[in-house]
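Residue numbers (this note's numbering): 80 to 313.
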Amino acid sequence: MELEGKLAVVTGVSKGIGLATVEALLNKGSIVAGWGRTAPDLKHEHFHFFECDVRYNESVQRAFDQTISQLGTHVQVLVNNAGLGIAGLLEDMSLEDWHTMFETNVNGIFYCTRLIVPGMKELGEGHIINISSIAGTTGVEQMSGYCGTKHAVRGISHSLYKEVRDYGVKVTCIYPGSVQTNFFDNIESITVSDNMMRPEDIASTILHAIESHPNYHHVDIEVRPLMPKGRRQK
């Protein structure tokens with residue numbers, strides 16, 4: 080897809096992968112609607128922030144309506160990036176934390192995508208990027224809730240792409256390993272380090288998938304840091 084002048088929606092834009100993706104899209108000439116609870120520290124003539132908590136359908140509907148009314152076009156790119164993880168043994172996990180993860184990571188994708196897909200089908204062009212995780216391909220001790228949500232993202236992505244592919248709409252699911260973001264702020268067992276991938280690395284992968292030939296479809300992309308524990312010494 081040629082990104083110049085295209086309207087893209089990115090969720091979870093305050094920092095990390097979301098913000099890096101917004102900046103990458105703007106550099107390609109896209110018009111970007113950022114949906115999030117907190118506005119990023121970003122000023123650009125083609126960036127428009129709409130307050131949105133993806134846990135709530137009413138909030139997503141309001142952001143969608145504002146985006147369409149103010150920017151006046153169909154959405155051609157959707158990056159479902161908003162998400163969070165809370166660590167803990169399954170039997171110790173509070174109902175609130177469990178529901179927060181599923182409402183954000185799973186329901187949020189449903190609320191956003193269901194509104195944008197009809198316009199993409201009408202245009203005969205569109206690309207949906209869902210950010211899963213390595214945790215969406217395996218199990219991780221003390222991360223059962225988070226893993227459950229990211230496995231759900233994988234299943235949703237695989238089913239959706241088969242529903243929309245014949246309309247010229249792509250769905251790509253990305254599974255990052257460790258990235259230097261605030262995701263680990265509340266996970267005491269992991270410390271952010273320079274050995275992790277950078278948010279802009281994930282953003283570059285997102286752009287690579289979106290800019291591919293119309294008949295070339297990246298379904299799954301797994302990315303990891305090359306040396307997660309640093310370079311081995313001889």
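Glycine included, C-beta positions come from ideal geometry on N, C-alpha and C. No experiment lies behind these values; they were computed from the predicted model shown.
- A99 and L150 do not touch by the CB rule: their CB atoms are close to 22 Å apart, not below 8 Å.
- Excluding five sequence positions before and after L82, the CB atoms of its chain that fall closer than 7 Å to its own CB belong to L104, K107, G108, S109, I289 and E290, given in chain order.
- In the DSSP assignment, G224 falls within the unbroken alpha helix (DSSP H) covering S223 to V243.
- Per the coordinates, the alpha-carbon of T90 lies some 9 Å from the alpha-carbon of R116.
- Straight across, the Cα-Cα distance linking T217 with E175 is about 24 Å.
- Looking at the DSSP output, H206 bridges to V156 and K249.
- DSSP lists E130 as the beta-bridge partner residues of G115.
- Residues V154 and L157 of the same chain have their beta carbon placed closer than 6 Å to that of I195, with the five preceding and five following residues left out of the count.
- Selection Y246, I208 and P278 evaluated against I300 yields I208 as nearest (Cα-Cα).
- Beta-bridge partners assigned by DSSP to L86: I110.
- Within its own chain, the residues whose Cβ lies closer than 7 Å to the Cβ of K308, once the five positions on either side in sequence are excluded, are N274, listed in chain order.
- Looking at the DSSP output, I300 shares a beta bridge with I253.
- Here DSSP, grouped into helix, strand and coil, assigns M80 to coil.
- Between the C-alpha atoms of F181 and G224 there is a straight-line separation of about 8 Å.
- Closest by C-alpha distance to L305, out of I285, A282, E279 and S257, is S257.
- Each of D280, V101, W177 and S272 was checked against the Cα of L86, and the nearest Cα belongs to V101.
- According to DSSP, residue pairing for V258 in a beta bridge involves M276.
- Setting aside the 5 residues that flank it on each side, N136 is surrounded in the same chain by Y190, each with a C-beta closer than 6 Å to its C-beta; the list follows chain order.
- Y190 carries a helical assignment under DSSP once its states are collapsed to helix, strand and coil.
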